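The numbering used here numbers the first residue of the sequence shown as 5 and each following residue consecutively.
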Amino acid sequence: MKPLKLVIVGAVAGGATAAARARRLDERAEIVLFERGDYISFANCGLPYYVGETIRDRDQLLVTTPQALTKRYRIEVRTATEVLAIDRAGKRLQVKNLKDGSSYQEHYDKLILSPGAEPLRPAVARTDLEGIFSLRNIPDTDRIKAFVDREQPRSAVVVGGGYIGLEMVENLVKRGIQVAVIEMAGQVMAPLDPEMAALAHSHLVENGVQLKLNTGVSGFSRTGGQIIVQTSDGNELACDMVLLAVGVRPESALAVTAGLDVGERGGILTDAAMRTSDPSIFAVGDAVEVKDFVSGHPVMIPLAGPANKQGRIAADNALGRASCYRGTQGTSIVKLFNLSVATTGLNEKTVQHAEIPYLTSYTDGQSHSSYYPGSELMMLKLLYSPADGTLLGAQIVGGKGVDKRIDVLATAIRGRMTVFDLEELELAYAPPFSSAKDPVNVAGFHAVNILKGDVRCVHWHELHDFTPETTVLVDVREADELEKDGEIPGAFNIPIDELRERITSLDRRRTYILICLAGLRSYVACRIFAANGLDCYSLSGGYGLWKHVMKNDAVSA
Ligand code: FAD
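As structure tokens, then:
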């Protein structure tokens, strides 16, 4: 039988993975990999850290080379070669060699598209000025790094507070540059809920970053060697360089022109086998629309992990092995200076959009036993079903140890686990690594307490629903903590250890909202109040979360 000819368009995350997988499955197949750029399989995710000089050796960004891929996998790699069109009826591609300008046709039996997504540019004047950059690939990185090395800019504006923008913020600051972030939304990091993003805002500001939220860019100009960034609030910011990081758009033009089905946001539509509306063509990565693993809704989630997995699955199916992609849950993590910001599954915006009933709870935790030196705090938010406690999403912001907790929770969501399961998870413990009750277990305990009615919670944005005439705020922290950390205006202080003695003097007709730093002592206090027949709630996330949200003018309930 004639060997199958598999052609792949795009040779980075999804495409290179598909090619290598295909060779492992079929030693005889003819595999051709087209890449428009000069580099294949480079580490997109490492690019900001090369600009910041955490990664010093540029070669480290090149995960493999065309020569190495050909030698190991006998794949024909054609770089600087753009696929211009697909003739589906004739199963032929129109191809252009970008080095010499020549064009030719290439036949395929099966085709996998992994063309990725391109950075959006705001539709305003003069985004083409010198000193304005966007970041997708190695040439972009070389341009930015060369500019920073040569010009030694003192100030930069990053437009867009998504993960690429924020990673660049950290790395530009590391290069001694004063950075301002302009973000159209009221928060950075859209996958986070606003109160969790508030923790990131505080940290960015503490690290000297100027944050302009709820602000768009209306144009750019150049004066006296500087770039002037005009903003939607009528102000101007002068700076030495600009990074545009306002999101990406799927590179689906090739698919659209070929008449393949695409979704509302332009992503190529595929089935669970990653097969497009043409049975001989598969598509993967940032260019495809996927199913949200939790809600089942169509989504565009441009991340490296899903692109790699889809590449493998498309290769399986292209070569006749049944393999299924069950959806993307958007598990992601970003390093912001000393903070890690991580999410998985749905957030409040997406759960509401999907009209799924949900409850939320907040708990704080230490990366490892607090008595062992070096532990760091994290704030953990869960979203779960009120009916049976099924996990819907999780967000964690904190120091060390955020990565492992988000991965446990991502795994739990994949396994359709509930908050009851989180209580039971037996996770590795010794003092340098965790606590006997891991923050994931504690998040489960608290959510289960809420589900079982052991405690009723109010959230930071619900405080104003309670009228002062009938409601009393009681802060159960020690007096010196209030003095040091601050307090919610109007709250009375009764330290938790004095509660049992003082509770009889409290007005039994009132509702009490109990407050502590993170919600643990206020839960204990709630149990004491409830046992004494008082109507009470615990402030979820405590004063700690409330303080960050209130500090942040831009975050509104
Ligand atoms: P890509 O990796 O973008 O590859 C597509 C390739 O196709 C491109 O090289 C393009 O030149 C080529 N191509 C397009 N059209 C054609 C054509 N017609 N002919 C020939 N070639 C073509 N994700 C994470 O999960 N974690 C991170 O920390 C992270 N950090 C990132 C940091 C940066 C700066 C960037 C840019 C991305 C980051 N990502 C991260 C996202 C991740 O890199 C992408 O989700 C992933 O690379 C998508 O893989 P892909 O194969 O769909 O597209």
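Glycine included, every Cβ here is placed at the ideal spot set by N, Cα and C. Here the structure is a predicted model, which means the values were calculated and not measured.
Query                                                                                                                 : Result
Nearest residue (CA-CA) to R32, options I79, A15, G19                                                                 : I79
Meets three-Cβ-pair contact criterion under 8 Å: the stretch 363 to 378 and the stretch 432 to 442                    : yes
Cβ pair T348, A398 closer than 9 Å                                                                                    : yes
Span separating the alpha-carbon of L170 from that of G223                                                            : 21 Å
Reduced DSSP secondary structure (H/G/I, E/B, other) of K114                                                          : strand
Inter-stretch contact (C-beta, 8 Å, three-pair minimum) for the stretch 451 to 463 and the stretch 484 to 496         : no
A416 versus V401, G405, L395, residue with shortest Cα-Cα distance                                                    : L395
Residues of its chain near L340, where Cβ-Cβ distance is below 7 Å and the 5 sequence neighbours each way are ignored : L170, E174, A204, H207, L208
Continuous alpha helix (DSSP H) stretch holding S159: start and end                                                   : Unbroken run through S159 is the beta strand (DSSP E), 159 to 163; no alpha helix (DSSP H).
CB of V99 within 9 Å of CB of F38, strictly                                                                           : yes
Under the three-state DSSP convention, the category Y53 falls into                                                    : helix
Closest residue to L65 among P52, R158, G18, E293 (Cα-Cα distance)                                                    : P52
Uninterrupted beta strand (DSSP E) stretches inside the stretch 5 to 44 (no shorter than 3 residues)                  : 9 to 13, 34 to 38
Three-way DSSP call (helix, strand, coil) for A129 in this model                                                      : strand
Beta-carbon gap between I44 and T68 smaller than 9 Å                                                                  : yes
Segment contact, 8 Å Cβ cut-off, at least three pairs: the stretch 471 to 478 with the stretch 496 to 504             : yes
Proximity below 9 Å, CB of S344 to CB of G402                                                                         : yes
Bridge-paired residues (DSSP) for S542                                                                                : C461, L518
Same chain only: Cβ atoms within 8 Å of F151, ignoring 5 sequence neighbours per side                                 : G135, F137, P157, M245
Pick from A276, L247, G545, A20 that is closest to I148, judged by C-alpha positions                                  : L247
With 16 other Cβ atoms within 10 Å as the buried cut-off, status of N342                                              : exposed
Per-residue DSSP class, three states only, for E155                                                                   : helix
First through last residue of the alpha helix (DSSP H) which encompasses R504                                         : 503 to 506
Residue closest to V298, alpha-carbon to alpha-carbon, out of F533, A358, L323                                        : A358
Status (buried if at least 16 other CB within 10 Å, exposed otherwise) for S106                                       : exposed
Closer than 8 Å: D290 CB and nearest the ligand FAD heavy atom                                                        : yes
Same chain, Cβ closer than 7 Å to M554, neighbours up to 5 away in sequence not counted                               : none
Every unbroken beta strand (DSSP E) inside the stretch 358 to 439 [3 residues or more]                                : 363 to 370, 381 to 388, 395 to 402
Beta strand (DSSP E) segments (min. 3 residues) lying fully within the stretch 460 to 499                             : 475 to 479
At least 3 beta-carbon pairs within less than 8 Å: the stretch 526 to 546 vs the stretch 446 to 459                   : yes
Environment of L306 [buried if 16+ CB atoms lie within 10 Å]                                                          : Here residue 306 is Pro; the residue named in the question, Leu, does not match the sequence. With 16 or more Cβ atoms within 10 Å of its Cβ, P306 is classed as buried.
Rounded separation between R506 and V423 - CA only                                                                    : 35 Å
Per DSSP, the bridge partner or partners of N101                                                                      : T85
Through-space distance from T74 to G18, alpha-carbon basis                                                            : 17 Å
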